[in-house]
Structure formats: C-alpha cells, structure tokens
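Quick notes on the structure that follows.
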Ligand SMILES: *Cc1c(COP(=O)(O)O)cnc(C)c1O
C-alpha cells in the first residue's frame with residue numbers, strides 16, 4: 052500500500068499538529084475555555100480575511116456558510132446578480148432559485164473569470180441590483196475572477212459584494228477591507244488545513260445593515276443568531292468544538308508562516324505545476340488560471356479514470372476528476388494548505404510515470420525537470 056498523498060481541491064492534507072490537537076479529550080463548549088478558543092480564532096480569521104469586520108464560525112461545509120450568507124443578504128426588493136461560470140457559482144444560483152430570491156444571471160465561459168465590463172453593464176442597466184455574487188477561485192474550472200475590480204464597481208452604489216472565497220482565502224491574495232468586499236465565505240477543508248465541517252463568513256458593517264433589516268427565512272445558519280452569540284464569544288447552537296480546537300492550531304501555523312509567504316508558496320507551486328504540464332505536452336484547461344488549483348486536460352487517447360486510478364493505486368497520489376460537464380476530461384491538483392515543493396513534485400512524478408505506463412509519449416523526467424527549474428535550480 053503506497054502512502055496516501057491527497058491533492059484533491061478539498062479535502063486537503065491536514066498537518067499532524069492539527070490532527071493530534073483534535074485527538075484530545077472532548078471539552079464542553081459553554082465554558083471559558085471555549086470562549087477563549089473562539090476569541091483567538093476570530094481574531095486570526097480577521098487576519099486571514101484581512102478585515103476588521105465580524106468573522107463568524109459556522110458548523111457545516113462551505114455550502115452551509117454560503118447558503119446562510121446568500122439568504123441573509125437578500126431581503127425582498129434587493130435584486131441579486133449571480134455571476135456563474137462553473138459548478139460552484141451555479142450552486143449559488145440554485146440557492147437563489149430555491150429560496151425564491153429575486154435574481155438575474157450572468158453566465159460566462161467555463162475556464163474564464165467573470166468579465167468586469169459585463170458586470171458593469173448589468174449594474175448600469177438594472178438599478179434594482181443590490182447585491183452581486185461572485186466566486187473568486189472557481190474550483191470546478193480552476194479559473195480566477197478579478198473580484199477586486201468587481202467590488203470596486205459595487206462601491207459606486209448601494210450594492211453588496213459577496214464572494215465565495217472557499218479556495219482563495221488563506222492561499223491567494225485576498226484583502227476584504229481594502230478591496231471593499233461585504234461578505235466573504237470559506238470552509239475548513241481547503242486552504243485552512245482542517246477536515247471538512249466548519250464554514251466561515253466575514254461580514255462588513257454595510258452588509259450587517261441589510262442583514263439586520265429583515266428576518267431571513269433561515270434558522271440554523273442564521274447570521275444574526277451567530278453575531279449575537281459572538282458578542283459573548285459563544286455560538287447559538289452546539290459548535291463543532293473539536294474542529295475549532297484544530298482551527299486554533301492551523302490558524303496559528305498560517306500566522307507563523309505569514310499570509311504573504313503562504314500566498315507566495317501557493318503561487319510558486321501553481322506556476323511550477325503549469326510549467327511541468329506544458330513540458331509534458333499537456334495543456335491547462337483554464338484561460339484565466341487560479342493559483343490554488345490547476346486543471347490539466349486529459350490527453351487524447353488516455354482514459355481519465357484509468358490514469359487517476361493508476362496514480363492512486365501505484366503511487367498513492369490522489370487527484371480530482373473534472374466536475375459536471377468536465378468529468379472525465381481533466382485532472383485537478385490542489386496547491387492549497389499543507390503542501391510544499393517536494394509534495395507537489397511527487398504528484399508531478401506520479402502523473403508522468405502513470406501517463407507513460409498508459410502509453411503516453413513523453414521523455415521520463417521532463418515534467419519533473421521543468422518543475423525543479425521553476426522552484427529551485
Ligand atoms: C469546495 C467549494 C465549495 C463547496 O464547499 P463544500 O465545503 O463542499 O460545501 C464552494 N465553492 C468553491 C469555490 C469550492 O471550492
């Protein structure tokens with residue numbers, strides 16, 4: 052049995068320090084101890100999101116947090132513009148549909164970021180739009196949207212800017228306050244080096260005014276309930292305190308490395324992975340690639356399933372398939388969280404060796420060599 056090396060864009064590998072911390076005996080949550088943990092985590096989340104605003108810790112995966120945020124920020128009369136060009140953004144559109152939120156859609160090409168000019172046009176033409184939903188790094192297509200530029204458009208009027216930062220916060224440059232983002236959402240199992248189970252929502256003062264103006268049709272992930280409890284460093288319902296305990300450790304690891312250094316590491320791994328793929332004669336799916344996850348097109352005549360299964364069974368390297376219409380057409384490799392140069396190099400080597408075994412023609416070591424030239428010497 053080879054050692055498992057998890058390169059899926061969520062869940063990602065969890066450091067041993069975090070695992071050991073979570074193995075400790077269970078504590079009760081209505082205690083000073085838990086309040087101290089939550090206070091410490093909230094302050095470190097503010098650093099992570101680069102904000103002075105409230106950061107809420109919810110129980111549930113990223114979808115729970117995003118659903119809570121979308122439903123809470125869309126009172127009747129405030130139309131939402133959903134920008135979608137991938138599976139995750141389509142999910143936020145589906146949340147709007149399910150909750151019968153008044154919304155308009157802007158659909159863009161898979162592999163691209165949302166067009167800033169198109170968003171500007173929508174805003175100009177439709178004065179009822181009072182909120183924009185974007186996905187910063189669309190994990191399904193591995194593409195990046197310029198949310199900073201889109202946020203700037205929303206600052207010119209009474210319009211909230213919500214961003215799914217599930218694969219950007221803690222791995223790609225993201226500055227909530229400086230960029231003028233009102234609601235930013237992430238989850239625990241991507242850049243935060245934790246198992247799945249926690250969702251995070253950072254909320255600006257501007258957004259709270261809207262959220263507190265009406266009673267959103269949501270109970271469990273109700274942002275107002277979480278804000279109220281957070282005033283006493285508490286949670287409205289039983290929190291996943293084992294994960295919060297791990298969060299303390301993972302956030303302090305990020306603080307210790309320094310956010311800028313984490314961003315630089317992620318970018319370096321992405322750049323070297325793209326170079327390795329190109330050297331092997333492979334192509335990158337996204338035209339506007341994100342640095343947190345790379346999507347590599349499966350070459351013609353190679354069975355995607357066989358390739359991924361061989362990488363996993365022989366080398367322990369687990370990559371993700373494409374999603375939705377991209378299923379069977381690409382492999383996705385994460386650069387988020389607890390992953391370094393040699394980890395990623397091992398994934399490149401596994402890709403190369405297994406492709407060759409399946410009959411793909413490339414010189415052994417060509418991808419590994421290109422990777423090495425990019426990160427070292
Ligand atoms: C993973 C992911 C989600 C969904 O989060 P879950 O934790 O699976 O609920 C949403 N958006 C993006 C961009 C993601 O990468």
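In this note's numbering, the protein residues as written are 52 to 428. Here a beta-carbon is modelled for each residue, glycine too, at the ideal position from N, C-alpha and C.
- Residue pairing for residue 423: DSSP places it in no beta bridge.
- If you check the C-beta of residue 374 against ligand 1, you find no heavy atom less than 7 Å away.
- Each residue's CA atom was taken as its position, placing residue 78 and residue 88 some 12 Å apart.
- Annotation for residue 85: the continuous alpha helix (DSSP H) segment containing it runs 83 to 100.
- Contact annotation: residue 189 and residue 113 have beta-carbon atoms that are not nearer than 8 Å.
- Listed in chain order, the alpha helix (DSSP H) elements of length 4 or more contained wholly in the segment 249 to 329 are 256 to 262, 274 to 281 and 292 to 308.
- For ligand 1, a non-hydrogen atom lies closer than 7 Å to the CB of residue 139.
- Only residues of its own chain outside the window of five on either side were considered, and among them 63, 64, 65, 66 and 244 have a CB closer than 8 Å to the CB of residue 389, listed in chain order.
- If you draw a 10 Å sphere on the C-beta of residue 242, you find 16 or more other C-beta atoms in it, and that means buried.
- For residue 365, the number of other beta carbons within 10 angstroms of its own is below 16, and it is reported as exposed.
- Around the CB of residue 403, 16 or more other CB atoms lie within 10 Å, so the residue is classed as buried.
- Residue 286 holds the alpha-carbon nearest to the alpha-carbon of residue 249 among 186, 286, 58 and 424.
- Counting only heavy atoms of ligand 1, the residues whose C-beta sits closer than 5 Å to one of them are, along the chain, 61, 112, 113, 114, 139, 190, 215, 217, 218 and 238.
- For the set 217, 316 and 312, the Cα lying nearest the Cα of residue 391 is the one of 316.
- Per DSSP, the continuous alpha helix (DSSP H) segment holding residue 113 begins and ends at 113 to 123.
- Residue burial is scored here from C-beta neighbours: residue 75 has fewer than 16 other C-beta atoms within 10 angstroms and is therefore classed as exposed.
- Here residue 237 has 216, 217, 220 and 251 as same chain residues with Cβ atoms under 6 Å from its own Cβ, once five neighbours each way along the sequence are excluded.
- Taking the Cα of residue 260 as reference, the smallest distance to any Cα among 320, 129, 143 and 83 is reached at 129.
- Contact check for residue 405 against residue 361 passes: the beta carbons are separated by less than 8 Å.
- By the Cβ-count criterion, residue 292 is buried, with 16 or more other Cβ atoms from all chains shown falling within 10 Å of its own Cβ.
- Membership of residue 172 in the alpha helix (DSSP H) is indicated by the continuous run 167 to 176.
- Residue 331 is classed as buried because its beta carbon has at least 16 other beta carbons within 10 Å across all chains shown.
- Per the Cβ contact rule, the segment 114 to 126 is not in contact with the segment 190 to 202 (fewer than 3 Cβ pairs under 8 Å).
- Separation of residue 368 and residue 382 (C-alpha to C-alpha, rounded to the nearest whole angstrom) is 12 Å.
- Under the criterion of beta carbons closer than 8 Å, residue 205 and residue 187 do not qualify as touching, at roughly 14 Å.
- Under the three-pair Cβ rule at 8 Å, the segment 101 to 118 counts as touching the segment 138 to 152.
- Assignment of residue 341 by DSSP, reduced to helix, strand and coil, places it in the coil class.
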